[in-house]
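Q: Numbering (our numbering), first residue to last: 13 to 200.
1) Is residue 126 helix, strand or coil by DSSP?
2) Do you know offhand how far residue 178's Cα is from residue 115's?
3) Name the one or two DSSP bridge partners that residue 102 has.
4) Please say whether residue 171 and residue 143 have beta carbons closer to each other than 8 Å?
5) Taking the straight line between their C-alpha atoms, what separation do you get for residue 55 and residue 85?
6) Taking Cβ positions, are residue 125 and residue 48 nearer each other than 8 Å?
7) Helix, strand or coil for residue 58 per DSSP?
8) Hey, out of 34, 38, 30 and 175, whose CA is closest to residue 14's CA?
9) I think residue 167 touches residue 133, with their Cβ atoms under 8 Å apart; what is that distance to the nearest whole Å?
10) For residue 53, which residues in the same chain have their Cβ closer than 8 Å to its Cβ, ignoring the five residues on either side in sequence?
11) Closer than 6 Å by C-beta to residue 16: which residues in its own chain qualify, once you throw out the five before and the five after it? Chain order, please.
12) Look up residue 111 in the DSSP assignment and give the residues it is bridged to.
13) Looking at C-alpha atoms only, which residue of 180, 183 and 164 is the closest neighbour of residue 42?
14) Quick one: give me the first and last residue of the beta strand (DSSP E) that residue 27 is part of.
15) From the DSSP output, which residues share a beta bridge with residue 172?
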């Protein structure tokens, strides 16, 4: 496997719709305001967070059970900023819609600006032929409230090109998160 460059990412986005909407360069300022950057970088693509959040809460004394997950564990927030309580987490989604090629595995890593504030971004790999808006998981590891900015960069996608296409893709397996739109909760 080899990691792909900005030229490959740009070509795949423009010719094959791999990332929509797509920014062919790093955007660091919008309407004269500095922002956390997004867009294509040397060997990746920095994604933005949409203004839809699900913030974890324990007001219903729920048990977090991945086999029987309830939306009652979250409070919906639609805003340009999201405040994550101390030692808690929130779900969000990317602005971008992805169509991953059959011979590509995509890994997501958090941006250093957030990591240096104790905010960890976790996203499972985007498997070959997966498509949709990516659900983002933000963990606030600090004892203070933490702020996430919508429509700004939050994580970087790295695209690993395989030496050959996989035998069975996410689409072939009819993966349960295929084509997801919006913030998607756990499914069994």
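Each residue gets a CB set at the ideal place from its N, CA and C atoms; glycine is no exception.
A: On the basis of the supplied data:
1) helix
2) 6 Å
3) 67 and 150
4) no
5) 37 Å
6) yes
7) strand
8) 175
9) 5 Å
10) 18, 38 and 168
11) 171 and 173
12) 143
13) 164
14) Here residue 27 belongs to no beta strand (DSSP E); instead the alpha helix (DSSP H) covers 18-28.
15) 15 and 117
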